[in-house]
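**Q** This structure is in structure tokens; I'll ask about it shortly.
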Amino acid sequence: MHYVTGTATELGTSRRQALGRYRHRVFVQHLGWSLPDARGDTEWDGYDRPDTVYVLALSTTGSLCGCARLLPTTRPYLLAEVFPQLLDGQPAPHDEATWELSRFAAVDLDAAPLDGHTLGSPQALDLLLTVMREAARRDARALVSVSPIAIQRILRKGGYPFTPLGRTHSVGGQTLFACGMPLQTALLHMAQAA
């Protein structure tokens, strides 16, 4: 597996189109998310802007098998605008050193049928490490994320440092939570675990 990172412009038209189709297959078709901006066979939303950074995981055959989206919290982002209730009244982070991780998936759609989640797979953890490195390269010191509760269990089981930013909440039939991850500590832990 290898990785490509960059903005939509840096990714180029064909990779951007493949990403939109991949996100639709994973988030809309497989996970059943109701995403109002999904159109046809692609999934994009208002947070896919010129300053959005993408991390793509490509298989040995070149097909997309993972993705993540990084957004600076100095601009509009999901936790602050769509899921503020997950912060239990606390203000949403808004600083240059904190970025939001969203649309994270590590699913090889060309492989065996999807059974359950793949978030704890070695591929997912490798993608997470790559995402953290890319965020750090862009001067982020922490990540925040809105995630299903399964992510909390995976992070805890793996010993990865994270801080819940509020209680879990049921939103649209899913149990979600917001968390923060200090990048330096997380990267050090992941490097030691490798």
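Quick note on the numbering used here: the sequence shown kicks off at 322 and runs consecutively.
The beta-carbon is built from N, C-alpha and C at its ideal position, and this holds for glycine as well.
Since the structure is predicted, the reported quantities are computational estimates derived from the model, not experimental observations.
#1: Is it buried or exposed for residue 345, if we count other Cβ within 10 angstroms and need 16 for buried?
#2: Is DSSP giving residue 343 helix, strand or coil here?
#3: Answer with buried or exposed for residue 456, where buried requires no fewer than 16 other C-beta atoms within 10 angstroms of its C-beta.
#4: For residue 393, does the count of other Cβ atoms within 10 angstroms reach 16, so buried, or fall short, so exposed?
#5: Using the rule of at least 16 other Cβ atoms within 10 Å of the residue's Cβ for burial, across every protein chain shown, is residue 382 buried or exposed?
#6: Using 10 angstroms around the beta-carbon of residue 506, count the other beta-carbons present and answer buried if the total reaches 16, otherwise exposed.
#7: Does the separation of the CB atoms of residue 399 and residue 421 fall below 8 Å?
#8: What residues are listed by DSSP as bridge partners for residue 463?
#9: Would the region 400-413 count as touching the region 327-338 if we require 3 or more Cβ pairs under 8 Å?
#10: Since residue 385 is in the beta strand (DSSP E), which residue starts that stretch and which ends it?
#11: Output yes or no for whether 8 Å exceeds the beta carbon distance between residue 448 and residue 502.
#12: Taking Cβ to Cβ, would you say residue 470 is nearer than 8 Å to residue 425?
#13: By alpha-carbon positions, which one of 395, 490, 403 and 379 ends up nearest to residue 431?
#14: Does DSSP put residue 397 in a helix, a strand or coil?
#15: In the structure shown, what three-state DSSP assignment does residue 380 receive?
#16: What is the residue span of the alpha helix (DSSP H) that residue 452 lies within?
**A** In brief:
#1: buried
#2: In the structure shown, residue 343 sits in a helix (DSSP, three-state: H, G or I).
#3: buried
#4: Buried, by the Cβ-count rule.
#5: Counting Cβ neighbours within 10 Å, residue 382 comes out exposed, since fewer than 16 surround it.
#6: exposed
#7: Against a cut-off of 8 Å, the Cβ pair of residue 421 and residue 399 comes out as a contact.
#8: 419 and 503
#9: no
#10: 385-393
#11: no
#12: no
#13: 379
#14: coil
#15: coil
#16: Bounds of the alpha helix (DSSP H) holding residue 452 are 443-458.
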